[in-house]
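Novice:
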Amino acid sequence: MKYDFAQIEKKWQDVWEREKPFRAETGSDKPKFYGLIEFPYPSAAGLHVGHPRPFTAMDVVTRKKRMEGYNVLFPIGFDAFGLPTENFAIKNHVHPAKVTRDNIANFTRQLKMLGFGFDWDRVVDTTDPDYYKWTQWIFLQLWKKGLAYKATIPVNWCTSCKCVLANEEVVEGVCERCGSPVIRKEKSQWMLKITEYAQRLIDDLDDLDFIDRVKTQQKNWIGRSTGAEVTFKATTGDEIVVFTTRPDTLFGATYMVLSPEHPLIKKWAPLLKNNDDVAAYQRLAASKSDMERTELNKEKTGVKLEGVAAVNPINGMVIPIFISDYVLATYGTGAIMAVPAHDDRDWEFAKKFGCDIIEVVAGGEDVQKAAFTAKDETGILVNSDFLNGLTVKDAIPAMIKRLEEKGLGKAKVNYKLRDWVFSRQRYWGEPIPMVWCEKCGWVPLPESELPLKLPEVDSYEPTDDGESPLSKMTDWVNTTCPHCGGPARRETDTMPQWAGSSWYFLRYMDPHNPDALASKEALDYWSPVDWYNGGMEHTTLHLLYSRFWHKFLYDIGVVPTPEPYAKRTSHGMILGQNPRCFDCMSAARQKELIAEFGSEEAARAHLVEQYGEMAEHPIVKMSKSLGNVVNPDDIVRDYGADTLRLYIMFIGDFEKAAAWSDNAVKGCKRFLDRIWNLAETRIDGPETCSHANEAIVHRTIKKVGEDIESMKFNTAIAAMMGLVNAFSENPPSRGDIRALLLLLSPFAPHISEELWEKQGFEGYASTSAWPKYDESKMTESEKEIAIQINGKLKGTAVVPMDADDDTVLEIVKSQEKISKALEGMEIIRTIVKSKMVSLVVKPVK
RNA sequence: GCACCCGUGGUGAAAUUGGUAUACACGAUGGAUUUAGGUUCCAUUUCGGCGACGAGUAGGGGUUCGAGUCCCCUCGGGUGCACCA
Numbered sequence: 082m083k084y085d086f087a088q089i090e091k092k093w094q095d096v097w098e099r100e101k102p103f104r105a106e107t108g109s110d111k112p113k114f115y116g117l118i119e120f121p122y123p124s125a126a127g128l129h130v131g132h133p134r135p136f137t138a139m140d141v142v143t144r145k146k147r148m149e150g151y152n153v154l155f156p157i158g159f160d161a162f163g164l165p166t167e168n169f170a171i172k173n174h175v176h177p178a179k180v181t182r183d184n185i186a187n188f189t190r191q192l193k194m195l196g197f198g199f200d201w202d203r204v205v206d207t208t209d210p211d212y213y214k215w216t217q218w219i220f221l222q223l224w225k226k227g228l229a230y231k232a233t234i235p236v237n238w239c240t241s242c243k244c245v246l247a248n249e250e251v252v253e254g255v256c257e258r259c260g261s262p263v264i265r266k267e268k269s270q271w272m273l274k275i276t277e278y279a280q281r282l283i284d285d286l287d288d289l290d291f292i293d294r295v296k297t298q299q300k301n302w303i304g305r306s307t308g309a310e311v312t313f314k315a316t317t318g319d320e321i322v323v324f325t326t327r328p329d330t331l332f333g334a335t336y337m338v339l340s341p342e343h344p345l346i347k348k349w350a351p352l353l354k355n356n357d358d359v360a361a362y363q364r365l366a367a368s369k370s371d372m373e374r375t376e377l378n379k380e381k382t383g384v385k386l387e388g389v390a391a392v393n394p395i396n397g398m399v400i401p402i403f404i405s406d407y408v409l410a411t412y413g414t415g416a417i418m419a420v421p422a423h424d425d426r427d428w429e430f431a432k433k434f435g436c437d438i439i440e441v442v443a444g445g446e447d448v449q450k451a452a453f454t455a456k457d458e459t460g461i462l463v464n465s466d467f468l469n470g471l472t473v474k475d476a477i478p479a480m481i482k483r484l485e486e487k488g489l490g491k492a493k494v495n496y497k498l499r500d501w502v503f504s505r506q507r508y509w510g511e512p513i514p515m516v517w518c519e520k521c522g523w524v525p526l527p528e529s530e531l532p533l534k535l536p537e538v539d540s541y542e543p544t545d546d547g548e549s550p551l552s553k554m555t556d557w558v559n560t561t562c563p564h565c566g567g568p569a570r571r572e573t574d575t576m577p578q579w580a581g582s583s584w585y586f587l588r589y590m591d592p593h594n595p596d597a598l599a600s601k602e603a604l605d606y607w608s609p610v611d612w613y614n615g616g617m618e619h620t621t622l623h624l625l626y627s628r629f630w631h632k633f634l635y636d637i638g639v640v641p642t643p644e645p646y647a648k649r650t651s652h653g654m655i656l657g658q659n660p661r662c663f664d665c666m667s668a669a670r671q672k673e674l675i676a677e678f679g680s681e682e683a684a685r686a687h688l689v690e691q692y693g694e695m696a697e698h699p700i701v702k703m704s705k706s707l708g709n710v711v712n713p714d715d716i717v718r719d720y721g722a723d724t725l726r727l728y729i730m731f732i733g734d735f736e737k738a739a740a741w742s743d744n745a746v747k748g749c750k751r752f753l754d755r756i757w758n759l760a761e762t763r764i765d766g767p768e769t770c771s772h773a774n775e776a777i778v779h780r781t782i783k784k785v786g787e788d789i790e791s792m793k794f795n796t797a798i799a800a801m802m803g804l805v806n807a808f809s810e811n812p813p814s815r816g817d818i819r820a821l822l823l824l825l826s827p828f829a830p831h832i833s834e835e836l837w838e839k840q841g842f843e844g845y846a847s848t849s850a851w852p853k854y855d856e857s858k859m860t861e862s863e864k865e866i867a868i869q870i871n872g873k874l875k876g877t878a879v880v881p882m883d884a885d886d887d888t889v890l891e892i893v894k895s896q897e898k899i900s901k902a903l904e905g906m907e908i909i910r911t912i913v914k915s916k917m918v919s920l921v922v923k924p925v926k
């Protein structure tokens with residue numbers, strides 16, 4: 082019989098639906114394992130081939146853990162609030178809730194089609210009021226602890242989404258979602274004090290098993306720097322506080338720079354002789370987009386404040402004050418002391434505006450030609466009074482001590498991280514459960530009134546005036562103050578997409594609990610997530626936000642662990658075949674082109690001529706315009722879910738981006754066909770390994786097991802292919818087949834289960850025990866070793882596995898080829914290792 | 001600009017971490033089966049050479065009995081941060 086994947090996959094998916102073998106049991110005596118993947122956003126387009134990569138990977142890991150005797154929680158849900166759904170709803174005049182329902186139904190169908198071992202009884206949907214009740218509840222707890230506040234600040238405004246963005250959502254000056262320009266807009270916004278957790282978010286990374294890329298990226302984003310705050314006095318008597326990481330260079334501070342938005346400038350306006358120029362510069366800076374402001378390599382600009390100066394507190398020197406947009410209002414104090422001799426930016430500015438450059442750290446080149454910025458031992462302080470002769474490292478604390486003694490400054494730590502802008506002017510998100518009362522100010526909704534449901538509205542269109550669509554719903558907006566009972570208005574902004582995903586992994590532990598976000602029992606049992614795999618693009622968004630929320634929940638005693646995730650790994654993207662690249666196209670298309678142009682060379686030349694560099698770039702993103710989008714539905718229809726799963730795991734290094742290849746998929750189908758032919762009919766006999774295959778079976782068990790743990794799925798599959806190749810030389814015994822089916826089962830569960838049944842093994846493969854290997858059975862009785870003479874490979878020899886060094890040497894030397902090479906030579910050194918013998922020789926004199 | 005990672009056949013990629021480079025797969029070539037296409041099976045496939053042999057992991061240098069792996073330089077690519085004082 083042929084391998085009828087469609088029938089087989091349907092059959093086993095029905096069994097899983099009915100018998101629920103992947104259900105997790107809270108409180109079981111078995112050791113627990115909580116494997117987590119990032120829950121998908123249910124878009125109208127359906128599942129992309131990118132999705133199965135992390136999903137299959139964690140499915141493989143959790144299936145293996147289950148077979149190893151763990152009580153596994155491997156849940157799935159939907160992160161369903163968000164702009165694309167809202168935009169789709171607006172365009173097609175359907176309610177976002179209906180769009181969400183339909184999309185979730187489609188995603189569910191596709192996920193089941195791929196045979197993932199999810200616990201389908203624990204599905205969560207962030208747009209379900211029973212779910213977002215608890216998202217709102219967490220917000221109220223943040224408010225109670227003073228970690229949620231409303232502030233009017235210049236925020237990132239996406240001109241296309243018509244909505245504010247968190248700093249994390251702005252990438253290179255544009256909206257990370259839609260790529261539209263981001264401008265600054267003063268708006269009153271709900272903010273969350275993530276900065277209060279900055280230090281802990283850095284420190285606690287040390288004990289986590291996160292891949293290094295994630296750790297460094299989070300550390301960079303939080304951006305801790307240590308230094309000092311120094312207070313300068315202006316000639317007006319005003320104090321100007323600056324932050325510096327180089328207090329040791331204070332004697333070299335020859336001017337100051339304020340950001341264009343600095344409040345002192347307004348105060349000083351009447352004193353300034355060039356106020357018109359200053360005001361003009363401020364206007365110019367304000368009109369620039371983020372992209373223009375952060376554009377690199379542009380020349381420094383600025384205006385000197387005429388009529389006001391500052392005094393260097395350490396030496397009394399009177400120094401000029403400038404304003405310039407290279408100083409950011411939002412970092413530090415919005416003002417700096419400039420030390421052009423030892424800072425590249427200050428140096429550049431000083432050269433342009435003719436400021437003094439005074440060397441205070443010796444050890445570099447001439448500071449008139451370039452700034453000397455080294456902070457290591459090469460620098461020795463000069464022209465710095467009591468610091469002279471000290472290294473930079475010693476001078477920093479010495480200066481801080483002096484500043485503190487004189488009341489001129491203090492040690493200070495600064496972070497790049499800003500508070501999280503938490504409101505969005507859109508409809509399809511969680512309502513913020515706050516009420517504005519003229520008398521009482523902002524008043525939280527009582528917890529008993531949660532969930533605060535989204536009202537039905539006629540129009541979800543975002544507005545140009547920056548107000549949420551909810552603001553037009555006067556019936557909903559106008560309410561009474563929970564505190565004084567007087568008239569009040571509801572908050573009309575909604576929460577960002579990142580709210581619901583900041584705690585969803587907790588809800589999986591106890592998804593239907595009406596009284597708490599999850600019971601204490603469930604939280605204690607399942608926390609923390611043992612292994613979380615997700616995209617690098619969430620490192621400074623979801624991953625950081627959810628760590629913050631979790632730490633907060635830990636602080637108020639809701640969750641039992643300070644960190645949500647014990648281990649974090651990341652997968653690479655699945656890219657598309659480039660239809661313009663000769664090497665990427667199908668063989669059929671290649672033949673067509675060769676026929677058309679006469680030769681392969683001519684066909685390649687034609688492609689290069691037509692598409693230029695694009696023809697040589699094998700890796701491109703999947704896009705509709707290139708026509709290289711792969712739909713998982715099509716692959717499952719043509720090859721089956723098991724082949725898709727196997728291929729997506731075989732495609733290459735899990736952490737790296739990989740390009741889809743139609744041809745390579747076929748190789749995986751062939752592999753399953755071969756297994757089918759091998760095991761379709763029952764093999765009888767004892768359930769032990771055959772003598773001929775014993776070593777390779779045990780080696781493969783070890784290899785596959787270890788490779789799954791280290792996410793080297795590609796080599797795990799290669800090892801199984803090697804095993805099947807060995808089986809075609811030495812027909813497998815019943816035990817050999819049993820081992821193969823168990824190893825294959827996490828990767829290709831449907832075919833494994835079918836063949837398991839055909840072989841008449843007991844129970845199901847997916848719930849049987851993971852096979853064990855025996856180190857002593859892994860090796861053959863003989864081994865082949867390499868023979869090197871003077872480091873060059875000269876041959877190989879077969880020696881008994883347990884031969885001692887002398888025996889090995891004897892066998893090596895007795896080889897004709899070797900003894901010939903040794904003629905007239907003197908062996909001056911012999912090195913015997915388990916897999917090779919190295920002889921160092923020289924001619925006999 | 002700074003930091004980190006990487007560079008291996010025609011292609012995707014392996015290499016127990018310093019010990020026989022190219023496992024596994026794709027593609028290609030030849031053969032068998034087939035009316036044919038597809039499928040399946042067998043053989044070959046790093047390069048040069050009929051061959052013995054020689055060369056070979058971006059290029060150059062170094063350490064070592066031995067280097068894809070470690071060190072230095074150059075070139076090329078990727079990712080992150082990006083006026084953060």
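All letters in the first sequence, in the order written, are residues 82 to 926 by this note's numbering. Built from N, CA and C at the ideal position, the CB exists for glycine as well.
#1: Note down the Cα distance separating residue 302 from residue 846, rounded to an integer number of angstroms.
#2: Do you know whose CA, among 267, 157, 205, lies nearest residue 592's CA?
#3: So within the stretch 795–872, which uninterrupted beta strand (DSSP E) runs reach at least 3 residues, ignoring any that extend past its ends?
#4: So is residue 619 buried or exposed if we call it buried at 16+ other beta carbons inside 10 Å?
#5: My output table needs one value for residue 168: the three-state DSSP class, helix, strand or coil.
#6: May I have the straight-line CA-CA distance separating residue 279 from residue 89, to the nearest angstrom?
#7: With distances taken from CA atoms, which of 658, 342, 732, 805 is nearest residue 235?
#8: May I ask which residues mark the beginning and end of the alpha helix (DSSP H) holding residue 633?
#9: As a quick exercise: from 519, 820, 789, 528, pick the residue whose alpha carbon is nearest that of residue 559.
#10: Return the Cβ separation of residue 389 and residue 316 in integer angstroms, given the expectation that the two are a contact with Cβ distance under 8 angstroms.
#11: Using C-beta distances below 7 angstroms, list every residue in its chain close to residue 580, excluding the 5 sequence neighbours before and after it, in chain order.
#12: Taking only the alpha-carbon atoms, compute the straight-line gap between residue 773 and residue 129 and give it to the nearest angstrom.
#13: How big is the Cα-Cα spacing for residue 734 and residue 652?
#14: Check the DSSP bridge columns for residue 234 and list the partner residues they point to.
#15: Quick one, are the C-beta atoms of residue 541 and residue 177 less than 8 angstroms apart?
#16: Looking at residue 508 and residue 575, is the spacing between their C-beta atoms short of 8 angstroms?
#17: Between the Cα of residue 717 and those of 740, 687, 750, spot the shortest distance and give me the residue it belongs to.
#18: From 924, 893, 634, pick the residue whose C-alpha is nearest to that of residue 918; which is it?
#19: Considering only residues of the stretch 566–590, which uninterrupted beta strand (DSSP E) runs meet the minimum length of 3 residues and lie entirely inside it, listed in chain order?
#20: DSSP has residue 247 in a bridge; who is on the other side?
#21: Assign residue 891 to one of three DSSP states: helix, strand, or coil.
#22: Would the stretch 746–763 count as touching the stretch 720–729 if we require 3 or more Cβ pairs under 8 angstroms?
#23: Check for me: the beta strand (DSSP E) holding residue 154 runs from which residue to which?
#24: Who are the near neighbours of residue 738 in its chain, counting only those whose CB is closer than 6 angstroms to its CB and skipping five residues on each side?
#25: Report yes or no: do three or more beta-carbon pairs, one from the stretch 262–281 and one from the stretch 220–239, lie closer than 8 angstroms?
#26: Could you tell me whether the stretch 137–154 touches the stretch 823–837, where touching means 3 or more Cβ pairs closer than 8 angstroms?
#27: Roughly how many angstroms lie between the CA atoms of residue 554 and residue 244, to the nearest whole one?
#28: Got a sec, what are the start and stop residues for the alpha helix (DSSP H) residue 313 sits in?
#29: Excluding the 5 residues preceding and the 5 following residue 906 in the sequence, name in chain order all residues of the same chain whose CB lies nearer than 8 angstroms to its CB.
#30: Give me, in chain order, the residues of the same chain whose beta-carbon lies closer than 7 angstroms to that of residue 429; leave out the 5 immediate sequence neighbours on both sides.
#31: Should residue 914 be labelled buried (16 or more other beta-carbon atoms within 10 Å of its own) or exposed?
#32: Indicate whether residue 496 and residue 305 have their beta-carbon atoms separated by less than 8 angstroms.
#33: Would DSSP call residue 294 helix, strand or coil?
#34: Does DSSP put residue 520 in a helix, in a strand, or in coil?
#35: Please state if the CB of residue 102 and the CB of residue 532 are separated by a distance shorter than 8 angstroms.
#36: So residue 114 and residue 157 are supposed to be a Cβ contact under 8 angstroms. How far apart are they, rounded?
Specialist: So, to answer that:
#1: Taking the straight line from one Cα to the other gives about 45 angstroms.
#2: Ranking the options by Cα distance to residue 592, first place goes to 205.
#3: Fully enclosed beta strand (DSSP E) runs of 3 or longer: 863–870.
#4: buried
#5: helix
#6: 52 angstroms
#7: 342
#8: 623–636
#9: 519
#10: Indeed they touch by this definition, with Cβ atoms about 6 angstroms apart.
#11: 216, 511
#12: As the crow flies, the alpha-carbon of residue 773 is around 44 angstroms from that of residue 129.
#13: 9 angstroms
#14: Per DSSP, 268.
#15: yes
#16: yes
#17: 750
#18: Comparing Cα positions, the closest option is 893.
#19: 568–571
#20: Answer is none; residue 247 lacks a bridge partner.
#21: helix
#22: yes
#23: 152–154
#24: 653, 654, 656
#25: yes
#26: yes
#27: 18 angstroms
#28: Element bounds for residue 313: not the alpha helix (DSSP H) but the beta strand (DSSP E), 305–315.
#29: 922, 923, 924, 925
#30: Taking residue 429 as the centre and dropping the five residues before and after it, the same chain places the C-beta of 381 closer than 7 angstroms to its C-beta, in chain order.
#31: exposed
#32: yes
#33: helix
#34: coil
#35: no
#36: With 8 angstroms as the limit, residue 114 and residue 157 do not qualify as a contact, their Cβ atoms being about 16 angstroms apart.
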